[in-house]
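Written out below as structure tokens is the structure these notes cover.
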Amino acid sequence: TLVSDLNKSAAADYGVLLDDLMGFGSVSARAAFVIDKDGVVQYSEQTPTPKDLPNFDAIKETLGNLQ
13 TLVSDLNKSA AADYGVLLDD LMGFGSVSAR AAFVIDKDGV VQYSEQTPTP KDLPNFDAIK
73 ETLGNLQ
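When we follow my numbering, the leftmost residue of the sequence shown carries the number 13, and every step to the right adds one.
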């Protein structure tokens, strides 16, 4: 599921809210989370820069382990 977070509350709750990104003000960092059916975070990653992509292989592996 892709999450829209206009008020930035989810980004703040998950610790991926950046105070300022190149003068754009507070924004969400690029991040990926896998949360199991019990609401437990099984995988989390924040990329070093917005241009970097998360480790999709690690995400797929985590999802596979949950099945």
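Think of the CB as a built atom: it goes at the ideal place given N, C-alpha and C, for glycine as much as any other residue.
Can you tell which of the options has the C-alpha that lies nearest to the C-alpha of residue i?
i	options	result
D48	V15, K20, T74	T74
V53	T59, R42, L78, L30	L78
L18	M34, G27, S38, K72	S38
Quick check on residue i - is its C-beta less than 9 Å from some C-beta in chain B?
i	result
N67	Looking for chain B here will not work: only one protein chain is present.
Please state the DSSP three-state secondary structure of residue i.
i	result
L75	helix
F45	strand
For the alpha helix (DSSP H) holding residue i, just list the boundary residues, first then last.
i	result
S21	21-25
In the DSSP assignment, the beta strand (DSSP E) including residue i goes from what residue to what residue?
i	result
S56	53-58
So does residue i have its beta carbon nearer than 8 Å to some heavy atom of the ligand NAD?
i	result
Y26	Because no ligand of any kind appears in the structure shown, any question about the ligand NAD cannot be addressed here.
Can you round the beta-carbon distance between residue i and residue j to whole angstroms, since I take them to be within the 8 Å contact cut?
i	j	result
L29	S40	6 Å
S56	F68	With a Cβ gap of about 14 Å, S56 and F68 do not count as contacting.
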